[in-house]
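Asker:
Number of protein chains: 2
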Amino acid sequence: MGHDDKSEFRGKGRYHHGELRESLIRATRQLVVEKGAENFSLADACRLAGVSTAAPYRHFRDKDEILEEIVARGFDDMAERSGRALLAHGAGTLAGIIAMGQAYVAFAKEETPIFRLMFGQDPVLKKAVEVRAQGQACLAKVIMAVEAYCAANGVKGDASFIAVKLWTFVHGAASLLIDGDYVVVAPEIDVNTMIAAAAPGLLKG
Amino acid sequence: MGHDDKSEFRGKGRYHHGELRESLIRATRQLVVEKGAENFSLADACRLAGVSTAAPYRHFRDKDEILEEIVARGFDDMAERSGRALLAHGAGTLAGIIAMGQAYVAFAKEETPIFRLMFGQDPVLKKAVEVRAQGQACLAKVIMAVEAYCAANGVKGDASFIAVKLWTFVHGAASLLIDGDYVVVAPEIDVNTMIAAAAPGLLKG
DNA sequence: CAACATATGTTAGCAGTACTAACTTAGCAA
DNA sequence: TTGCTAAGTTAGTACTGCTAACATATGTTG
């Protein structure tokens, strides 16, 4: 340590950076995680990559197109985590479904700025086809888990409706938690406990 | 119509506007509603009020302090709406509680940018004492409604825990709806139906 | 009523942003 | 080697929030 040359992002000292696109994506991810997407500036990412503020426009349409890349990788990450949580408890079990929900909240807590980008309101990101597809794939996993649960426990009812109810609850928990709203009005709440308590009721037809 | 003089916000043609503070708040509210808090600029509000961009700083610490005012009035509005929804069906009834939840979502849908300001992540707004107090008052209403329901229906369980579960679900529904996430993943969902379907399960101890 | 004090406006300017246009350099291909 | 093109650069536009210094109205007080 001690050499503050940002070698992780900089090129090889040449006029042409060489892998600027990937460097900018990594720099952006780091800055978004550190300071939030609201306070992220493309200019900062440029400084981190050791490049002029006009350089990104050779690789990206605009600021949003870089963020799309971050969101896409976020969905990958989340899908993998929730998949692991489910499998750790068995596919058709209540415990597995609860673990999935808790993994969702854990992701929101650990990767808050990424989570906000993934589910936030930016209409540009919402329209990106890659992003849409990955969001759908994420819920499809939940639906399959609920279907397995219903089949194993003799619950009759629309699995996708139940899945959306679960998602809604868990998403609400994640949002209120990371936005600091529980702290304001119900500071003593334990989100994981609450999810475990609510899941059985939500899983009934 | 036809006279585009913004008379609603402008002063009386004098050097001193007269009621600039209130004019700026109303202009800000209008602009936030129209274009979202993300795209709101204080400079726009100044133009709408017919005043220089430095003028607001005689009345507000900074941009955030104007927004706090918007949030405070938003909580007033929401509290009144949900109170009416509850009373329309009777204080201790399931229908009343469902109606409260639906009113929450309706508020989020109709006043989306205000709702986002109220429950969003801005740490400055979270710290404002007035805002905190009004948030607490809002949930206190829900807790009282749940207590009345529990008393009337012989449910034993912590009413505030149940209230937080309800809030969590309804907030998740509002968030996913206004952020356009249902559209991406489950476009056919009817949020009001879903709330009515989920409420009984969430109200059990 | 005049003079001053203060509240509330103004203009000018700073530092920062996203993004564009025109120019330059490097790397590759004929 | 020549020259084309991809990928950098600098310089500049138009915007932002906010501050400092200056100007003007308003109201209080001798």
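Order-wise, the sequence lines are chains A and B. Residue numbers for the first sequence follow this note's numbering, so the first one is 1 and each next one is one higher. Residue numbers for the second sequence follow this note's numbering, so the first one is 1001 and each next one is one higher. Built from N, CA and C at the ideal position, the CB exists for glycine as well.
Please confirm if residue 1186/B has its CB atom under 7 Å from at least one CB of chain A.
Answerer: yes
Asker: How would you list, in chain order, the residues of chain A whose beta-carbon sits under 7 Å from the beta-carbon of residue 1169/B?
Answerer: 168, 169, 172
Asker: Rounded C-beta distance between residue 1164/B and residue 100/A? I'm assuming under 8 Å.
Answerer: Between residue 100/A and residue 1164/B the Cβ distance is about 21 Å, and since that is not below 8 Å, they are no contact.
Asker: Following a CB-centred definition, is residue 69/A positioned closer than 6 Å to any heavy atom of the ligand MG?
Answerer: By its list of ligands, the structure shown contains no ligand whatsoever, and the ligand MG lies outside what it can speak to.
Asker: With DSSP collapsed to three states, give me the class of residue 9/A.
Answerer: coil
Asker: Would you decide whether residue 58/A is buried or exposed? Buried here means 16 or more other CB atoms lie within 10 Å of its CB.
Answerer: Residue 58/A should be labelled exposed.
Asker: Does residue 201/A pass the burial test, meaning 16 or more other C-beta atoms within 10 Å, or should it be called exposed?
Answerer: buried
Asker: Going along chain B in order, which residues have a C-beta closer than 8 Å to the C-beta of residue 194/A?
Answerer: 1161, 1164, 1165, 1168
Asker: Grouping DSSP H, G and I as helix and E and B as strand, with all else coil, what is residue 1041/B?
Answerer: For residue 1041/B, the secondary structure class from DSSP, reduced to helix, strand or coil, is coil.
Asker: Determine the direct distance from the alpha carbon of residue 79/A to that of residue 1031/B, and round the result to whole angstroms.
Answerer: 38 Å
Asker: What does the alpha-carbon distance come out to for the pair residue 1153/B and residue 133/A?
Answerer: 45 Å
Asker: Looking at residue 27/A: is its Cβ nearer than 7 Å to the Cβ of residue 98/A?
Answerer: no
Asker: Between which two residues does the alpha helix (DSSP H) holding residue 204/A run?
Answerer: Unbroken run through residue 204/A: none, as it is neither H nor E.
Asker: Leaving aside the five residues before and after residue 1043/B along the sequence, list all residues of the same chain whose C-beta is less than 7 Å from its C-beta, in chain order.
Answerer: Cβ within range, chain order: 1053.
Asker: Could you work out which residue in 1113/B, 1094/B, 1109/B, 1176/B is closest to residue 126/A when comparing CA atoms only?
Answerer: 1176/B
Asker: What are the boundary residues of the alpha helix (DSSP H) that includes residue 1134/B?
Answerer: 1129–1153
Asker: Measure the alpha-carbon distance for residue 1128/B versus residue 1071/B and round it to whole angstroms.
Answerer: 10 Å
Asker: Quick check on the burial criterion: 16 or more other C-beta atoms within 10 angstroms. Buried or exposed for residue 1018/B?
Answerer: With fewer than 16 Cβ atoms within 10 Å of its Cβ, residue 1018/B is classed as exposed.
Asker: Alpha carbon to alpha carbon, what distance is there between residue 22/A and residue 55/A?
Answerer: 13 Å
Asker: With DSSP as the reference, label residue 97/A as helix, strand or coil.
Answerer: helix
Asker: Relative to the C-alpha of residue 1145/B, which residue among 1120/B, 1116/B, 1084/B is closest?
Answerer: 1084/B
Asker: Let me make sure I understand the geometry here. Which of 182/A, 124/A, 111/A has the alpha-carbon closest to that of residue 1180/B?
Answerer: 124/A
Asker: Looking at residue 14/A and residue 50/A, is the spacing between their C-beta atoms short of 7 Å?
Answerer: no
Asker: If we ignore side chains and look at the alpha-carbon of each, how far apart do residue 1130/B and residue 1110/B end up?
Answerer: 23 Å
Asker: Pick from 65/A, 37/A, 191/A, 155/A: whose alpha carbon is nearest that of residue 112/A?
Answerer: Ranking the options by Cα distance to residue 112/A, first place goes to 37/A.
Asker: I want to verify the contact list: residues of chain A whose CB lies under 8 Å from the CB of residue 1132/B, in sequence order.
Answerer: What residue 1132/B touches in chain A: 184.
Asker: Which of the residues in the region 42–76 of chain A, read from start to end, lie with their CB under 7 Å from any CB of chain B?
Answerer: none
Asker: Hey, is residue 1204/B's beta-carbon within less than 7 Å of any beta-carbon in chain A?
Answerer: yes
Asker: Have a look at 62/A, 191/A, 203/A and flag the residue whose alpha-carbon is nearest the alpha-carbon of residue 150/A.
Answerer: 203/A
Asker: Reducing DSSP to helix, strand and coil, say where residue 1051/B ends up.
Answerer: coil
Asker: Determine the direct distance from the alpha carbon of residue 1024/B to that of residue 1046/B, and round the result to whole angstroms.
Answerer: 7 Å
Asker: Along the chain, where does the alpha helix (DSSP H) containing residue 1121/B start, and where does it finish?
Answerer: From DSSP, residue 1121/B is part of no alpha helix (DSSP H); its letter is neither H nor E.
Asker: Under three-state DSSP, which class holds residue 1222/B?
Answerer: Summary: the structure shown does not reach residue 1222/B, with chain B confined to residues 1001 through 1205, and so no result is reported for it.
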